[in-house]
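Visitor: Take the sequence shown: its letters are residues 430 to 637, numbered as in this note's numbering.
Below are the structure tokens for one structure; questions will follow.
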Amino acid sequence: MKEQINAYNKLLSNSSAMDILRFFCEKYKGSIAFATSLGAEDQVITAMLAGMDAKIKIFTLDTGRLFQETYDLLDITVKKYKMPIEIYFPEAQKVENMVREKGINLFYESFENRKLCCHIRKVEPLKRALSGMQVWISGLRREQSLTRKEMAPVEWDESNNLIKINPLIEWTRGQVWDYIKTHKIPYNTLHDKGFLSIGCQPCTRAVL
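What follows is the structure in structure tokens.
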């Protein structure tokens with residue numbers, strides 16, 4: 430698989446984000462999925478997929494602790510692009526057991542509790558959503574953190590055992606927002622209040 434990943438990266442080395450998406454959507458039709466968190470980058474990818482009329486599985490994870498603004502954006506996005514976005518929830522019994530044992534705001538108490546909460550609310554639903562897929566699309570960008578500096582447009586995701594593509598990996602934050610404004614893409618209004626990324630409400634903060 431490593432040789433195949435290297436071959437894809439070489440083949441697509443000078444390709445645009447749209448070309449990368451089109452290539453994989455055609456090659457892996459029926460076994461490719463897009464995981465959207467409804468962040469700025471993911472909204473760009475959603476608009477691109479809608480523009481090419483891609484018939485792929487698009488899904489999001491509802492952890493039960495999202496901002497109301499995120500739910501509003503989900504509704505707006507589905508109506509604008511007329512593309513269904515499947516919603517995956519954590520298993521209710523596991524959430525109930527966790528809260529019963531650790532408390533409703535367990536994530537404030539320790540790193541271990543945050544990992545547990547994330548695993549039940551995000552990791553497990555993600556694995557269910559990706560079941561049966563060969564490829565999944567992510568909105569990660571190299572500029573976002575030091576840990577992503579070495580990331581490539583096409584990678585092998587060991588934890589989920591499938592190909593992961595990052596069509597916006599080379600994009601800057603400025604490019605993302607220029608694309609959003611040019612194409613009138615709906616975005617989370619929390620970005621206007623200083624939120625760079627938006628996940629669960631208790632674990633997300635605005636920055637100066």
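No residue lacks a Cβ here, since even glycine has one placed at the ideal position from N, Cα and C.
Within this structure, are the beta carbons of residue 476 and residue 558 separated by less than 8 Å?
Guide: Against a cut-off of 8 Å, the Cβ pair of residue 558 and residue 476 comes out as no contact.
Visitor: Under 7 Å Cβ to Cβ from residue 602, same chain only, skipping five residues before and after it: list those, please.
Guide: Excluding positions up to five away in sequence, the list reads 572.
Visitor: For the beta strand (DSSP E) containing residue 463, list its first residue and its last residue.
Guide: First-last of the beta strand (DSSP E) with residue 463: 461-464.
Visitor: Rounding to the nearest angstrom, what Cα-Cα distance links residue 612 and residue 458 in this structure?
Guide: Rounded to the nearest angstrom, the two C-alpha atoms are 26 Å apart.
Visitor: Rank 490, 511 and 501 by C-alpha distance to the C-alpha of residue 484 and give the top, closest one.
Guide: Among 490, 511 and 501, the Cα nearest to that of residue 484 belongs to 511.
Visitor: Identify the residues that DSSP records as bridge partners of residue 546: which are they?
Guide: Answer by DSSP bridge pairing: none, since residue 546 is not bridged.
Visitor: Is the CB-CB distance between residue 488 and residue 514 below 8 Å?
Guide: Yes, the pair counts as a contact, with Cβ atoms nearer than the cut-off.
Visitor: Taking residue 554 and residue 496 to be in contact with their CB atoms under 8 Å, please state how far apart those CB atoms are, rounded to whole angstroms.
Guide: About 18 Å separates the two Cβ atoms, so there is no contact after all.
Visitor: Rounded to whole angstroms, what is the Cα-Cα separation between residue 481 and residue 452?
Guide: Answer to the nearest angstrom: the Cα atoms are 11 Å apart.
Visitor: Out of curiosity, what's the CA-to-CA distance linking residue 530 and residue 486?
Guide: Taking the straight line joining both Cα atoms gives about 35 Å.
Visitor: How would you call residue 595, buried or exposed, if buried means at least 16 neighbouring beta carbons within 10 angstroms?
Guide: Classification for residue 595: buried.
Visitor: Name, in chain order, the residues that DSSP records as bridge partners for residue 629.
Guide: DSSP output for residue 629 lists 495 as bridge partner(s).
Visitor: Could you give the uninterrupted runs of the beta strand (DSSP E) lying entirely in the region 535-604, keeping only those of 3 residues or more?
Guide: Listed in chain order, the complete beta strand (DSSP E) runs (minimum 3 residues) inside the region 535-604 are 564-566, 583-586 and 591-594.
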